[in-house]
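Under my numbering, the letters of the sequence shown match residues 2 to 232, in that order.
Heads up, the beta-carbon is just placed ideally off N, CA and C, and yes, glycines get one too.
Just so you know, these numbers come straight off a predicted model, no measurement behind them.
Step one of this worksheet: look at the structure below.
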Amino acid sequence: MKIEVSGINAGYGAKTVIQDVSFTLEPGQILAFLGHNGAGKTTTLKTIMGLLAPRAGSIAADGKTLDRLDVAARVAMGLRLLPEGRGIFPDLGVAENIDVVAAANVGPGATFTAEDVYRLFPVLAERRTTRAGSMSGGQQQMLALGLAILGTPRCLMLDEPSIGLAPNLVERMFDQVRDVCRSHAMTAILVEQNVAAAMRIADRVIIMNNGALVFDGLPDEARGSDFWSYF
Ligand code: ATP
Numbered sequence: 002m003k004i005e006v007s008g009i010n011a012g013y014g015a016k017t018v019i020q021d022v023s024f025t026l027e028p029g030q031i032l033a034f035l036g037h038n039g040a041g042k043t044t045t046l047k048t049i050m051g052l053l054a055p056r057a058g059s060i061a062a063d064g065k066t067l068d069r070l071d072v073a074a075r076v077a078m079g080l081r082l083l084p085e086g087r088g089i090f091p092d093l094g095v096a097e098n099i100d101v102v103a104a105a106n107v108g109p110g111a112t113f114t115a116e117d118v119y120r121l122f123p124v125l126a127e128r129r130t131t132r133a134g135s136m137s138g139g140q141q142q143m144l145a146l147g148l149a150i151l152g153t154p155r156c157l158m159l160d161e162p163s164i165g166l167a168p169n170l171v172e173r174m175f176d177q178v179r180d181v182c183r184s185h186a187m188t189a190i191l192v193e194q195n196v197a198a199a200m201r202i203a204d205r206v207i208i209m210n211n212g213a214l215v216f217d218g219l220p221d222e223a224r225g226s227d228f229w230s231y232f
């Protein structure tokens, strides 16, 4: 899915957090969206998802403006946000989590059904009846990612998906994200403090500082830029 963000300003109450944010992502691109804590990355994702209304600017997906669409309509178009801190129902079982989200998102001809999620993450199949909140952090994050891809995702936004995960699990999860993006022309935006892990799969990098974009380019250009010293 092509994503065009044009001149977005957004914030909370009287406070403006992001200013004049613009970037375009081509279908299938994986963006590493980097920057210090508090730079405004989560705020940008929330604005794209429709959880926060921009004060200025506009966002389009595949050429269609999202400005008047609520979150549910954006989910139906294929936009997905895996929020920071895991988007799962901790008190439900693994299969119940998957069934609840599948009921809302999986229509005829969907790209990812419950069975596809179990195939991608076999550990979830072994734990169908386990209470989600009692699993390890890694397993909970796999469930969260599985829920985010159910149906037909076309732009997957992941907010700090690696937090609390062992390095080998992070690599495995990111490899799966890359494979799914490549095979389905799915766009991904990866907000990550684990810069090395994000850079392994990214084909584009944006760096945000203090609510503004300060770098937009290819991974090698990012590594050679003045802003790389941030990390
Ligand atoms: P982090 O990695 O810490 O989440 P970030 O780059 O994603 O960093 P944001 O979460 O977008 O940054 O936060 C940007 C600024 O907006 C911060 O100063 C933060 O305190 C402020 N902020 C975030 N959420 C709210 C909110 N609900 N109400 C008021 N201010 C907020």
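Inter-residue CB distance, residue i and residue j (contact presumed, cutoff 8 Å)
i	j	result
residue 62	residue 136	That belief does not hold up - the Cβ atoms of residue 62 and residue 136 are roughly 33 Å apart, past 8 Å.
residue 51	residue 75	5 Å
residue 118	residue 150	7 Å
residue 140	residue 89	That belief does not hold up - the Cβ atoms of residue 140 and residue 89 are roughly 10 Å apart, past 8 Å.
residue 55	residue 66	The Cβ separation is near 12 Å, so there is no contact.
residue 215	residue 198	Their Cβ separation, rounded to whole angstroms, is 21 Å, which puts residue 215 and residue 198 out of contact at 8 Å.
Other residues of its chain near residue i: CB distance less than 8 Å, five sequence neighbours each side excluded
i	result
residue 45	6, 9, 11, 19, 22, 34 and 209
residue 93	101, 132 and 133
residue 17	10, 11, 56 and 212
residue 43	85, 160 and 192
residue 184	none
Neighbourhood of residue i by C-beta, 6 Å cutoff - its chain only, sequence neighbours within 5 removed
i	result
residue 25	5
residue 186	28 and 29
residue 115	99 and 103
residue 232	196
residue 31	182, 189, 202, 203 and 204
residue 91	133 and 134
residue 108	none
Alpha carbon of residue i to alpha carbon of residue j, nearest angstrom
i	j	result
residue 153	residue 77	8 Å
residue 229	residue 131	42 Å
residue 147	residue 174	11 Å
residue 190	residue 178	11 Å
residue 169	residue 221	24 Å
residue 39	residue 211	7 Å
residue 112	residue 180	14 Å
residue 138	residue 14	33 Å
residue 57	residue 68	10 Å
residue 106	residue 144	15 Å
residue 176	residue 120	15 Å
residue 110	residue 194	35 Å
residue 224	residue 129	42 Å
residue 37	residue 217	16 Å
residue 87	residue 226	32 Å
residue 162	residue 192	8 Å
residue 166	residue 200	17 Å
residue 53	residue 72	10 Å
residue 95	residue 219	38 Å
Close Cβ partners of residue i (< 7 Å) along its chain, the five nearest in sequence each way excluded
i	result
residue 59	7, 66 and 68
residue 70	51
residue 79	2, 153, 154, 155 and 156
Residue i at chain C interface by Cβ criterion, 7 Å
i	result
residue 188	Included in the structure is just one protein chain, with no chain C present.
- Message: Measuring CB atoms only, is the stretch 123-137 touching the stretch 94-104, in the sense that at least three cross pairs come out at less than 8 Å?
- Response: With the cut-off at 8 Å, the stretch 123-137 and the stretch 94-104 touch.
- Task: Give every residue whose Cβ lies closer than 5 Å to any heavy atom of the ligand ATP, listed in chain order.
- Result: The filter returns 13, 18, 38, 39, 40, 41, 42, 43 and 44, in chain order.
- Message: For the pair the stretch 150-162 and the stretch 67-85, tell me if three or more CB-CB distances fall below 8 Å.
- Response: Taking 8 Å as the limit for Cβ pairs, the verdict is that the stretch 67-85 does touch the stretch 150-162.
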